[in-house]
Amino acid sequence: MWGARHVTVRFGSTTALDEVGLDLPEGRVTSIVGGDGAGKTTLVRALLRRVALDGGAVDVPDLTEVGYQPSTSGVWPALSVRQNLEFAGVAYGMSAATIRERGDELLETAALTHATSRLGSELSGGMRQKLGFCMAMLHRPRMLLLDEPSTGVDPVSRVELWRLVTQAAARGTAVGMTTTYLDEAERASTVVALDAGTVLTAGDPTAVVHEVPGTVSATDHRPAGRRTWRRGTAFHTWTPPGETAPGSEITPDLEDALIALSLARTQEDHR
Amino acid sequence: MRATIIKEFRELRRDKRTLAMLIGLPLMLLIIFGFAANFTIDTLTVSVVGSDASQAEQLVSQSPDASDQLDLTTVDEDGTEAQVRDQLADDEVDMAILTGDASPSDRPTVLIDGSNLFAAQTANVIVAGLGDAVDSEILYNPDLETSWVMVPALIGLILTFIGTIITSIGLVREREQGTLEQLAVMPFSSASVIIGKITPYFILACVDMVIITVLGMWVFDVPFNGSVTAFVLGAAIFLFVVLGIGVLISTVSQTTGQAVQVAMMTLLPQVLLSGMIFPLEAMAAGVRWIGYLLPLTYFTKISQGIMLRDSSWSYLWPSLAVLVLMAVVIFGTAVVRLRRDLAPAKAR
Numbered sequence: 001m002w003g004a005r006h007v008t009v010r011f012g013s014t015t016a017l018d019e020v021g022l023d024l025p026e027g028r029v030t031s032i033v034g035g036d037g038a039g040k041t042t043l044v045r046a047l048l049r050r051v052a053l054d055g056g057a058v059d060v061p062d063l064t065e066v067g068y069q070p071s072t073s074g075v076w077p078a079l080s081v082r083q084n085l086e087f088a089g090v091a092y093g094m095s096a097a098t099i100r101e102r103g104d105e106l107l108e109t110a111a112l113t114h115a116t117s118r119l120g121s122e123l124s125g126g127m128r129q130k131l132g133f134c135m136a137m138l139h140r141p142r143m144l145l146l147d148e149p150s151t152g153v154d155p156v157s158r159v160e161l162w163r164l165v166t167q168a169a170a171r172g173t174a175v176g177m178t179t180t181y182l183d184e185a186e187r188a189s190t191v192v193a194l195d196a197g198t199v200l201t202a203g204d205p206t207a208v209v210h211e212v213p214g215t216v217s218a219t220d221h222r223p224a225g226r227r228t229w230r231r232g233t234a235f236h237t238w239t240p241p242g243e244t245a246p247g248s249e250i251t252p253d254l255e256d257a258l259i260a261l262s263l264a265r266t267q268e269d270h271r
Numbered sequence: 272m273r274a275t276i277i278k279e280f281r282e283l284r285r286d287k288r289t290l291a292m293l294i295g296l297p298l299m300l301l302i303i304f305g306f307a308a309n310f311t312i313d314t315l316t317v318s319v320v321g322s323d324a325s326q327a328e329q330l331v332s333q334s335p336d337a338s339d340q341l342d343l344t345t346v347d348e349d350g351t352e353a354q355v356r357d358q359l360a361d362d363e364v365d366m367a368i369l370t371g372d373a374s375p376s377d378r379p380t381v382l383i384d385g386s387n388l389f390a391a392q393t394a395n396v397i398v399a400g401l402g403d404a405v406d407s408e409i410l411y412n413p414d415l416e417t418s419w420v421m422v423p424a425l426i427g428l429i430l431t432f433i434g435t436i437i438t439s440i441g442l443v444r445e446r447e448q449g450t451l452e453q454l455a456v457m458p459f460s461s462a463s464v465i466i467g468k469i470t471p472y473f474i475l476a477c478v479d480m481v482i483i484t485v486l487g488m489w490v491f492d493v494p495f496n497g498s499v500t501a502f503v504l505g506a507a508i509f510l511f512v513v514l515g516i517g518v519l520i521s522t523v524s525q526t527t528g529q530a531v532q533v534a535m536m537t538l539l540p541q542v543l544l545s546g547m548i549f550p551l552e553a554m555a556a557g558v559r560w561i562g563y564l565l566p567l568t569y570f571t572k573i574s575q576g577i578m579l580r581d582s583s584w585s586y587l588w589p590s591l592a593v594l595v596l597m598a599v600v601i602f603g604t605a606v607v608r609l610r611r612d613l614a615p616a617k618a619r
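Shown next as structure tokens:
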């Protein structure tokens, strides 16, 4: 299976990735989540062989069969939508006719058909990310790596982008995408959560939720202690096994689960 | 207001390039204008030939004024006019005196190298002081037109401008907008990305060079006396040097602003110290050596030599050799650094 095995990457004295493993099965969307600086982009770059590994290995198809969208969208601002697609197609050795046909099809699904002659710099953030996605998908790659495709994109465009991503996976592509939006990650087949360069947890989003030790509970007022975070108007608290939880116990969602797992790990480290 | 001032100083302290400009630029200007900004050439190199050459040498050595101003590098009683014309064409001397049988007239004839504008002006003053005692002729630039000397140098400056500033901007923009990452991941070899990025600028610089050369000849009547092949060869090698500088700048810059800043810092000394404006011979030795480290110095020598004086290969090749060396070192380093940016994992 494609992915990363025990990947370690150091930049000087900082360890960006520490023994990170990741599976990218075909036909599935794997989302890589984590806060800023958790190592998401470094992991994608490691998969693309763009950073030297200090340990471990990556197993990915030939670069000609990988589609990649950098977090900056990868769209050339001074080229039109059509020219951007043409360049991406030619780069992967596609014929002009195929580029045209595939391009039209992708632009249609991405609802960009009306903007083919617009320049990259004239596109809205959401449109630019969608074009970046089309460029990455143009050559029908076997693996698709998307680095924060939905960051800074409006909610409507995010829905459209997600539809494109799931369609790509449905056709058998192995999709790996990083995101900071956990509601998005929840819809992926597998979630890999990174925390300070290590894997906090990985698996089916519902399985991840069940992994949480102890209890997650909700209260109206901030209870004493430091294991509390705010969700909407309520306060959620994680309580380690064997201790009494404040308020009423709830079933955590992915966001609660990841915070709780992170807190659980910190507590273990302190022991 | 105080907060803004403090914040600004804090930001400035971290912006190493602006700091370097704030400190480096005034220092550089001080050095250049203090030691280099001198149009007056006090000593002329002179070749004296013909049957009365030794006699002329004696006359010069007896007069304190003349021996101060004239440095007789060649005194040859058997020398001919053809010989000194070659010396002048190859910039070995600023002025030549034909005496006795070597002179075409019954008086001594003074030949002045007009492509060396300021030396020629000094020579003219000396000759005027001699009145009817000598005949004189200004070679290569009879009217001492500044444009004739400037246009060949300007061609080099324009190549430097395109090669350094425009190329580095073009490459840095790719990094700035995040598409360099995209290019690196696409199945192009590093070589084809680099060649693909540089070729357009190479072509544009060539087109610009042809336009400026033709316009210079058409508008200012600048002659083109030498070999076009030699000129094209020199320009091509020089272009590799300046493109190399441009690529190198792009590999040390993150933003267009930074690239322009660094490029300006390489451009300014080239304009002032390459001999294009102030003659190298008139500069203080230390500053002149900075001039000898700059590629434009050598291109100016080549282009002025070819266009104005039809200089021989023996004059041109040392400058061409220096440019080749610079091209190999600078362009080579630039490509290695750019390759590392494109394929860091493969580099290990």
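As you go down the protein sequences, you meet chains B and D in turn.
Just so you know, we're using the working numbering here: the first sequence kicks off at 1 and counts up by one.
Just so you know, we're using the working numbering here: the second sequence kicks off at 272 and counts up by one.
Think of the CB as a built atom: it goes at the ideal place given N, C-alpha and C, for glycine as much as any other residue.
Excluding the five sequence neighbours on either side, which residues of its own chain have a C-beta within less than 7 Å of the C-beta of residue i, listed in chain order?
i         : result
D:Ala-476 : Leu-430, Ile-433, Gly-434 and Leu-510
D:Leu-341 : Leu-315, Val-317 and Val-331
D:Gly-515 : Ala-598, Ile-601, Phe-602 and Ala-605
B:Pro-77  : Leu-119, Gly-120 and Ser-121
D:Val-422 : Gly-487, Phe-491 and Val-493
Look up residue i in the DSSP assignment and say whether it is helix, strand or coil.
i         : result
B:Glu-211 : coil
B:His-114 : helix
B:Arg-140 : coil
B:Leu-145 : strand
D:Ile-426 : helix
D:Tyr-586 : helix
B:Glu-249 : strand
D:Met-366 : strand
D:Ala-555 : coil
D:Thr-275 : helix
D:Val-542 : helix
B:Trp-238 : strand
B:Phe-11  : strand
B:Glu-243 : coil
From what residue to what residue does the alpha helix (DSSP H) around residue i run?
i         : result
B:Ala-38  : Taken as a continuous stretch (DSSP letters only), B:Ala-38 belongs to no alpha helix (DSSP H), as it is neither H nor E.
D:Arg-611 : 603-613
D:Phe-304 : Taken as a continuous stretch (DSSP letters only), D:Phe-304 belongs to no alpha helix (DSSP H), as it is neither H nor E.
D:Phe-511 : 499-523
Quick check: is the beta carbon of residue i nearer than 8 Å to any beta carbon in chain D?
i         : result
B:Pro-61  : no
B:Arg-231 : no
B:Leu-131 : no
B:Tyr-68  : yes
B:Gly-125 : no
B:Gly-74  : yes
B:Ala-4   : no
B:Ala-96  : no
B:Thr-215 : no
B:Arg-128 : no
Less than 8 Å between the C-beta atoms of residue i and residue j, yes or no?
i         : j         : result
D:Leu-428 : D:Met-547 : yes
D:Arg-288 : D:Val-533 : yes
B:Leu-131 : B:Leu-119 : no
D:Ser-498 : D:Ile-577 : yes
D:Ala-327 : D:Asp-365 : no
D:Ala-256 : D:Ile-440 : Only positions 272 to 619 of chain D appear in the structure, and residue 256 of chain D is not among them; the question remains open.
Got a sec? Which residues, its chain only, sit under 8 Å from residue i by beta carbon, not counting five neighbours each side?
i       : result
B:Met-1 : Asp-23, Leu-24, Pro-25 and Asp-59
Who are the Cβ neighbours of residue i in its own chain at under 6 Å, not counting the five residues just before and after it?
i         : result
D:Thr-345 : Ser-318
D:Asp-406 : Ser-376, Arg-378 and Thr-380
D:Thr-526 : Glu-447
B:Asp-36  : none
D:Phe-280 : none
B:Gly-89  : Ile-99 and Leu-138
Starting from residue i, trace the beta strand (DSSP E) both ways and give me its first and last residue.
i         : result
B:Met-177 : 174-179
B:Gly-67  : 66-69
Just checking: is the beta-carbon of residue i within a distance shorter than 8 Å of some beta-carbon in chain B?
i         : result
D:Glu-363 : no
D:Met-457 : yes
D:Arg-619 : Annotation note: pLDDT 37 at D:Arg-619 (below 50); position unreliable, coordinate value reported separately. For D:Arg-619, the answer is yes, since a Cβ of chain B falls inside 8 Å of its Cβ.
D:Glu-408 : no
D:Thr-522 : no
D:Gly-449 : yes
D:Gln-525 : no
D:Gln-541 : no
D:Glu-282 : no
D:Gln-358 : no
Between residue i and the ligand NAD, is there a pair consisting of the residue's CB and a ligand heavy atom that are separated by less than 7 Å?
i         : result
D:Ala-556 : The ligand NAD is not among the ligands present in this structure, which contains no ligands whatsoever.
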